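For the sequence shown, the working numbering begins at 33 and goes up steadily by one. Beta carbons are placed, not taken as given, at the ideal position from N, Cα and C, and that holds for glycine. Note that this is a predicted model, so its numbers are computed, not measured. Here the structure comes first, spelled out in structure tokens, and everything after it is commentary.
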Amino acid sequence: MKTEHAPTIQRADYRPLAWTVESIDLHFKLDPDATLVTSRMVCARNPAAVDEGPILLWGEALERISLKVDDAALPAEAVREADGVLQIDAAGERAVVEVVTRIDPRANTTLSGLYLSNGGFFTQCEAEGFRRITYFPDRPDVMARYTVTLEADRAECPVLLSNGNLLEQGELPGGRHFAKWEDPFPKPSYLFALVAAKLVALERTVTTASGREVLLQVWVEEGNLDRSEHAMDSLIHSMRWDEETFGLELDLDRFMIVAVGDFNMGAMENKGLNIFNTKFILAKPDTATDVDYENVESVVAHEYFHNWTGNRVTCRDWFQLTLKEGLTVFRDQQFSADMLARVAGEAAGPAGAASARAVKRIDDVRVLRAAQFAEDGGPMAHPIRPDSYQEINNFYTATVYEKGAEVIRMLHTLLGPEGFRNGMDLYFSYHDGQAVTCDDFVEALSEANGVDLDQFMRWYEQAGTPRVSARGEWDAATGSYTLTLAQRTPPTPGQPEKQPLVIPVAVGLIGPDGRDRALRLEGESQAGAGTRVLALTEAEQRFRFTGLDAEPVPSLLRGFSAPVILELDEDDARLAFRMAHDADPFNRWDAAQRYAERVILGLAGGQAGAVPEAFIAAFRALLNNPALDPAFRAQAASLPTESYLLERMAPADPAALRAALVLTMRTLGGVLAEHWLRLVESMHVPGPYRYHPADAGRRALGNLALRYLAAAGDARGLAAASARYAAATNMTERFGALAALVQSASPAREPALAAFHERYRGDALVLDKWFALQAGAWRWDDAAAPTLARVRALLSDAAFSLSNPNKVYALLGTFFRANAAEFHAADGSGHAFWAEQVIELDRKNPQVAARMARALENWRHYTPALQASIRPQLERVLAAPGLSADVQEIVGKALA
Ligand code: B3K
Ligand code: ZN
33 MKTEHAPTIQ RADYRPLAWT VESIDLHFKL DPDATLVTSR MVCARNPAAV DEGPILLWGE
93 ALERISLKVD DAALPAEAVR EADGVLQIDA AGERAVVEVV TRIDPRANTT LSGLYLSNGG
153 FFTQCEAEGF RRITYFPDRP DVMARYTVTL EADRAECPVL LSNGNLLEQG ELPGGRHFAK
213 WEDPFPKPSY LFALVAAKLV ALERTVTTAS GREVLLQVWV EEGNLDRSEH AMDSLIHSMR
273 WDEETFGLEL DLDRFMIVAV GDFNMGAMEN KGLNIFNTKF ILAKPDTATD VDYENVESVV
333 AHEYFHNWTG NRVTCRDWFQ LTLKEGLTVF RDQQFSADML ARVAGEAAGP AGAASARAVK
393 RIDDVRVLRA AQFAEDGGPM AHPIRPDSYQ EINNFYTATV YEKGAEVIRM LHTLLGPEGF
453 RNGMDLYFSY HDGQAVTCDD FVEALSEANG VDLDQFMRWY EQAGTPRVSA RGEWDAATGS
513 YTLTLAQRTP PTPGQPEKQP LVIPVAVGLI GPDGRDRALR LEGESQAGAG TRVLALTEAE
573 QRFRFTGLDA EPVPSLLRGF SAPVILELDE DDARLAFRMA HDADPFNRWD AAQRYAERVI
633 LGLAGGQAGA VPEAFIAAFR ALLNNPALDP AFRAQAASLP TESYLLERMA PADPAALRAA
693 LVLTMRTLGG VLAEHWLRLV ESMHVPGPYR YHPADAGRRA LGNLALRYLA AAGDARGLAA
753 ASARYAAATN MTERFGALAA LVQSASPARE PALAAFHERY RGDALVLDKW FALQAGAWRW
813 DDAAAPTLAR VRALLSDAAF SLSNPNKVYA LLGTFFRANA AEFHAADGSG HAFWAEQVIE
873 LDRKNPQVAA RMARALENWR HYTPALQASI RPQLERVLAA PGLSADVQEI VGKALA
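Dropping the structure here:
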């Protein structure tokens, strides 16, 4: 744990190292309390270095046992250690450095480096965990060849894994055994991994596109094999997709996935040995929901895709993180959309496929709007390629990942699928085996397509969510419609002024009959399709469409063609019209969201006392439209997320917003009760569970119907929820019914929670759902106790542990980040609780603590009374002795 004041690292300060490492031979004598690590590195002068200098080796929380260069001990004056870096003077072109360190995996509660989980050994090295294992130039631009020997107790750790191929294994005296692994590909240290544990594997052998046989393994704890098949299927689908879509094949003879219950984030793409949070591997109908199945598929794909975008071509430095993350998120989003569209297309043709794609897009945009827009509007706002950081682990953000993916998507839109593919091919042909920058990537795309992307690079440089405003003018005399688009990006910390970006705006013009008009821009001889992409590159631009028969209704930013906030003055009638007619399913959903936002914020601000009839009518029409598939209708009938709405409120008033949301849910639940009840029945999927998008869509709509009915306190709905809970044959139904009961004033909620707990006692992942549900509970009845009381009580539940990140995210994360009204209770109790928990967590696990700390970073957006309550708690955390760099950075920036 770092305790000193955290220095700021600048992107502009990047220098190649004087010495790099060609190969490293690692030997681990694994012991829970004292593991001995012997590292033999062949160091070489870096031809790319600008200056001469010593060998630099980073180390953290290590006990150094010995250090030799070219097999001789070093004179004291040839080694210095300062700020966690060993400096070794060496002569000549090459030097063999051998260092022995001792580490204590059991004491490592940070879950970075080598640690224990349920008796097994696991590693996590990204971003800077390798230095907690041994001294090394722990930067991504040092790519070395690894051989690794693991030695451990055979009974405790029968399975010994590391990256690459198994060279040999055998017995050792004293009940111990060993395994030796070799990774044929040079890699940065952050991709190193080892696992030594009691595990079993699901195995498959598959043939790659070029005809090589490869072994796939999913390693889990005994008893979980029946939950690992979906992960295996997802891996195989990902392999096929990458072969077909990008011509990228698995490059190893063996690919392993390991699931571990204690893990800071979702998963990690270590070369040939992906390590996963169990949450994103284990799935069976009785324990996992449809959403869990989807998440497993997309995270397995994401990590697999990193093998090319991240591992074969990696980042030169951590500022370039979006090079691998934005691109890989884009790839996993496209993969999931293709998977959904394939299945939906088989059942319902092209319209079904388009709707399925839109549903996926809506999911992704919801995440972006809720998490990334908020980040962009607060003290942590940064470009997708940041210019500075104090702790890199704080920059695995929605901006780097999700906005980064949107930036790649815009390139895909501007260049087209073929142009994008050509650019990717060129990127790999230039940079395979290298550690490169975002510029290298964009240059490859630019060169392959002969287009200038210089202005586009501003997306990598500027923080903040751009606002695009649109104005339309109809000229009946000439049948022309002039669209004026303007852009501006608000100032963000350190960036007072912004330049215009390249913004692809996908546009459609809808005629009074509800049909898209063919589009012809002034000067063009022929009209084109119903949607076209305009490139907005200046602060303000006009586009004149001609040959129109009547004044159109514009549909802008179709498919969410750019990560911006669209400011378009549309009255209620227009929104209702687009909800009914927009040919772009994404925009149809978006029209419903905009209308809902207007209604809810109107209620919250006191401008309205009731949900308007016109909104209810438009909502009902969309809900009951049989031409729309259930998954889409479930999206359309889900209100905008609370966190997004809070950001749209000035000042943010969680209590007023919650009251407005409750009123809206109750009204829609009550007025449309007959419709919801019909949906509960008609959407029910009989028969055994299968993970299938069509079934999942029906279950989603059915569960949503129960939620609205329960919110309204409808007795028939509550009875249906109880009955559904009792008769459920899978987790999606069971949990959907439970959630409806918990989010209601029904007396059935407590018995249902108790029954659920009893049924899944001992099942860690399912109990996470149980914790999260209670932490996220709203108060539907004024007499109910505050949620904080429940959260506090649950901290002492036998199944809860502050050392397990999943538990922390489920209970504290849900309360802090997804239950604003309860967290921001007017008496300040939530804020004090936050400080207490962040300080305690920070002593164990700074990364997890920093994530929780971020829950208050946008405190200045709140009402003055809430700000007055929050500030002293932020100050209290910042003053805590021994605070980590991770939390210091978050809280320091929040207070700055
Ligand atoms: N690359 C890892 C994230 C590592 C986070 C380090 N704090 C997972 C992923 O994005 O695939
Ligand atoms: Zn990733």
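Reduced DSSP category for residue i - H, G, I as helix; E, B as strand; rest coil
| i | result |
| --- | --- |
| R134 | strand |
| Y757 | helix |
| T67 | strand |
| Q422 | coil |
| D507 | strand |
| A680 | First, the residue type needs correcting, since residue 680 is Arg and not Ala in the sequence shown. The answer is coil: DSSP assigns R680 none of H, G, I, E or B. |
| F832 | coil |
| T310 | helix |
| C157 | coil |
| M456 | helix |
| A775 | The question names Ala, but residue 775 in the sequence shown is Gln. Q775: coil per DSSP, three-state reduction. |
| C470 | helix |
| K230 | coil |
Closest by C-alpha distance to residue i, when choosing among the options
| i | options | result |
| --- | --- | --- |
| T310 | N150, L400 and L711 | N150 |
| K801 | M763, S828, A705 and L834 | M763 |
| R490 | D471, L477 and A502 | D471 |
| N454 | I440, Y433 and L477 | L477 |
| G202 | V191, Y792 and G196 | V191 |
| Q2 | L689, V474 and A605 | Outside the displayed range of the chain (33 to 928) lies residue 2, so it cannot be described from this structure. |
| R163 | A291, R96, D545 and P725 | R96 |
| V31 | F767, E438 and P904 | This structure gives no information on residue 31, because the portion of the chain shown stretches from 33 to 928. |
| Y428 | E556, R883 and A912 | R883 |
| V82 | F60, R47 and S55 | R47 |
Span separating the alpha-carbon of residue i from that of residue j
| i | j | result |
| --- | --- | --- |
| D136 | A159 | 20 Å |
| A867 | A80 | 47 Å |
| G342 | A666 | 35 Å |
| E602 | P218 | 56 Å |
| L566 | V537 | 5 Å |
| I871 | L915 | 8 Å |
| A571 | R43 | 28 Å |
| L68 | S98 | 11 Å |
| V909 | A752 | 46 Å |
| L733 | M715 | 7 Å |
| P878 | P837 | 11 Å |
| I597 | L234 | 46 Å |
| F367 | P818 | 42 Å |
| G409 | A682 | 12 Å |
| F832 | R126 | 52 Å |
Residue i burial status per 10 Å Cβ neighbour count (16 or more: buried)
| i | result |
| --- | --- |
| G91 | buried |
| V539 | buried |
| I542 | buried |
| Q531 | exposed |
| D245 | Here the sequence assigns Glu to residue 245, which means Asp is not the residue at that position. Label assigned to E245: exposed. |
| H856 | buried |
| H37 | exposed |
| P658 | exposed |
| T40 | exposed |
| A225 | buried |
| N296 | buried |
| G279 | exposed |
| L204 | exposed |
| N656 | exposed |
C-beta neighbour in chain B for residue i, strict 8 Å
| i | result |
| --- | --- |
| G381 | Among the chains in the structure shown there is no chain B, since it carries only a single protein chain. |
Contact the segment 446–457 vs the segment 520–530: 3+ CB pairs below 8 Å = no
query = Which residues are close to the ligand NAP, meaning CB closer than 6 Å to any heavy atom, in chain order?
reply = You won't find the ligand NAP in this model; what it holds is the ligand B3K and the ligand ZN.
The segment 237–251 touching the segment 272–287, judged by at least three CB pairs closer than 8 Å = yes
inquiry  = Three Cβ pairs or more, each shorter than 8 Å: is that satisfied between the segment 448–467 and the segment 488–497?
reply    = no
query = Between the segment 314–327 and the segment 172–185, do at least 3 Cβ pairs fall closer than 8 Å?
reply = Contact fails: fewer than three Cβ-Cβ distances are below 8 Å.
key: the segment 393–410 touching the segment 580–599, judged by at least three CB pairs closer than 8 Å   = Yes: at least three Cβ pairs fall under 8 Å.
key: contact_flag[the segment 573–592, the segment 617–625] where n(CB pairs < 8 Å) is 3 or more   = yes
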